[in-house]
Amino acid sequence: MNLRTNLKLMAGRLIGPALTLYRKIPPSLRFPSKIIDFFCWLKGLVRLNLWIITGIEPGSDRNLVIGYAGMEKNKNYLADQLFHGAFTEQHAGRIWFWNGSDVLKKRGYTCSLMVTELMRVFFRRLKGRKAVFVPDWVDGNVDISDENTLYRKHKSLESDLRRVRKFELDYEITKDPRLVEEFYYQMYQPYILRVHRDRAFLLTHDCYLEKMKKGELLLIKKGEERIAGTVLFYAKKVAYLWILGAKEGDTDYVKEGAFGALFYYSIHHVKGKGFNEVNFGKTRAFLNNGIIQFKAKRGIRILESSRMGFSLEPLTELSHLSDFFIRNPFIFEDKTGLNGALFFAEDHVFSEKDLDWLAKNYFLAGLSKLFLYQFGRVNDAFQTMIPADYADKMFIRSVDTLLHPHSG
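In structure tokens form, the structure reads like this:
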């Protein structure tokens, strides 16, 4: 038996019983050590819930079966992202983060893909080239040092300004305790729950109030009615749009430009306070996600990613997963940094116009490279059509240079 197997067995034998014994001790007699908290946290990282998710791929009648191991809320997000609500799920117990695909095989589940939520450092050591690491979140700033250049370069900001004028939207800055409470209960909470439902990571009221001690509210007004808001706070040289919401969670206000007004007036306000960078908050790393596209069109530069992420591990021939990957482009991380990945059918023919559009819409500032992965053989002539400005940043490659099906 090798060292790795011994460590797995030892971890399984010690962590579970130790936590069980600790919980049986009366709270008043428990040793109040952060070491215990650390082991509870560690167990949550290495011992994961497993679900079998079966869904119909949007735009087709093909069933796709996925094994998912990780947090329930992230499972809910991913299932909705992939299947748009048309799926069923089965909880299949708990597993160690390193053996998901082996467990699926032993239990007779015929999954095409294994998705495991794990820390980046674990992925680097255990998964190798048979999987790809997609961060839970990416984060970045917008350079607002030159507002005139910013608006010329990013037409969506000009569109925000037109809507501000069309709907006569104004703003106010406040720390009024009554409005602080109203924002949390009447804007932030209902909006997050309405939009994200069982995928929502809802901020607690206590955490919100603690942050507000050093923050301020920016509220959007339509006449005398307050229709949306965000919390601004400041750290070193960066201003942060922390959380946002719309009155009673009504998305009609968003369609009328309330969130565009939040971005427009926030930039205007923090620029007046002497800040040259603004952070628009964390974003999921799937490139067709509406939020990341919204922020990209307003000049976000990706600067960092979360330590946690999704390991995507194919368990079948890549051609069987082509529709899945084509519909779900993403940002992935490797030794070179953060890269974009778009996927195309074997018979896809690229044109110069096509490649120019892809570069402008999917090469987010801050990414190391943008890869266009094609199923099947790649025509080398397509690479010569890459726009000159992206010649060293954008590459057309075969998908099997990124992913390899699990063997055995």
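Numbering that gives the first Met the number 0 puts the first residue of the sequence shown at 0, with every later residue one more than the last.
Every residue gets a Cβ at the ideal spot worked out from N, C-alpha and C, and that includes glycine.
Owing to the predicted nature of the structure, the values given are computational and were not obtained by experimental measurement.
Residues in the same chain with beta-carbon distance under 8 Å from residue 274, minus the five sequence neighbours each way, listed in chain order, please.
So the qualifying residues of the chain are 143, 233, 236, 237 and 238.
Contacts around residue 6, its chain only, beta-carbon distance under 7 Å, and the 5 residues preceding and following it disregarded
Reliability of the predicted coordinates at residue 6 is poor, the pLDDT of 48 falling under 50, and the value obtained from them is presented with this limitation in mind. Once the five neighbours on either side are set aside, residue 6 has no close Cβ partner at all.
Take every Cβ of the region 187-206, pair it with every Cβ of the region 241-250, and state whether three or more of those distances are shorter than 8 Å.
Counting Cβ pairs under 8 Å, three or more are found: they touch.
For residue 373, count neighbouring C-beta atoms within 10 Å of its own C-beta (all shown protein chains included) and say buried if the count is 16 or more, exposed if not.
That one is buried.
Unbroken beta strand (DSSP E) run spanning residue 313, endpoints
Where residue 313 is concerned, the enclosing beta strand (DSSP E) stretches over 307-313.
Given residue 253, which residues of its chain have a CB within under 6 Å of its CB, disregarding the five upstream and five downstream residues?
Excluding sequence positions up to five before and after residue 253, its CB lies within less than 6 Å of the CB of 245, all in the same chain and listed in chain order.
Which listed residue (400, 391, 304 and 325) has its alpha carbon closest to that of residue 120
304 is the residue among 400, 391, 304 and 325 whose C-alpha sits nearest the C-alpha of residue 120.
Return the CA-CA distance between residue 344 and residue 181, expressed in angstroms with no decimal places.
Straight across, the Cα-Cα distance linking residue 344 with residue 181 is about 50 Å.
How would you write the range of the beta strand (DSSP E) that residue 111 sits in, first residue to last?
Residue 111 -> no beta strand (DSSP E), and no H or E assigned at all.
Can you tell me the Cβ-Cβ gap for residue 230 and residue 214, rounded? I've got them flagged as a contact below 8 Å.
At roughly 5 Å, the Cβ-Cβ gap stays under 8 Å, so residue 230 and residue 214 are in contact.
Buried or exposed: residue 387, going by 16 or more other Cβ atoms within 10 Å of its Cβ?
Result: exposed.
State buried or exposed for residue 93, treating a residue as buried only when at least 16 other CB atoms are found within 10 Å of its CB.
The Cβ neighbour count for residue 93, taken over all protein chains shown within 10 Å, is under 16; the residue is labelled exposed.
Considering Cα atoms alone, identify which of 170, 70, 174 and 290 is closest to residue 200.
Ranking 170, 70, 174 and 290 by Cα distance to residue 200 puts 70 first.
Per DSSP, which one or two residues make a beta bridge with residue 478?
In the structure displayed, the chain extends from 0 to 407; residue 478 sits before or after that span and is not available.
Alpha-carbon to alpha-carbon, residue 90 and residue 351:
Here the C-alpha atom of residue 351 lies approximately 47 Å from the C-alpha atom of residue 90.
Could you tell me if residue 159 is buried or exposed, where buried requires 16 or more neighbouring beta carbons within 10 angstroms of its beta carbon?
That one is buried.
Residue 297, buried or exposed, once every other Cβ within 10 Å from all chains shown has been counted against 16:
Buried.
Between residue 204 and residue 172, what straight-line distance do the alpha-carbon atoms span, to the nearest angstrom?
Computed Cα separation, rounded: 20 Å.
Residues bridged to residue 89 [DSSP beta-bridge criterion]
Answer by DSSP bridge pairing, in chain order: 51.
Rounded to whole angstroms, how far is the Cβ of residue 132 from the Cβ of residue 310, which I believe are closer than 8 Å?
Contact holds; Cβ gap of about 6 Å.
Limits of the beta strand (DSSP E) - the one that residue 304 falls within
Annotation for residue 304: the continuous beta strand (DSSP E) segment containing it runs 300-304.
CA-CA distance, residue 116 and residue 47?
If I take the Cα positions, the gap works out to 8 Å.
Compare the Cα-Cα distances from residue 336 to each of 192, 347 and 370 and report the closest residue.
Taking only the C-alpha atoms, the option nearest residue 336 is 370.
If you count every other CB in all the chains shown that lies within 10 Å of the CB of residue 334, and 16 or more means buried, which is it?
Within a 10 Å sphere around the beta-carbon of residue 334 sit fewer than 16 other beta-carbons, which makes this residue exposed.
Suppose you measure from the CA of residue 259 to the CA of residue 227; what does that come to, to the nearest Å?
Between residue 259 and residue 227, the C-alpha separation is close to 10 Å.
Under the rule that 16 or more other beta-carbon atoms within 10 Å means buried, what is residue 225, buried or exposed?
Around the beta carbon of residue 225, a 10 Å sphere encloses 16 or more other beta carbons of the protein chains shown; the residue is thus reported as buried.
Taking only the alpha-carbon atoms, compute the straight-line gap between residue 402 and residue 331 and give it to the nearest angstrom.
When rounded, the distance between both Cα atoms is 12 Å.
Quick one: what's got a C-beta closer than 8 Å to residue 263's C-beta in the same chain, skipping five residues either side?
Same-chain partners within the cutoff: 156, 159, 160 and 163.
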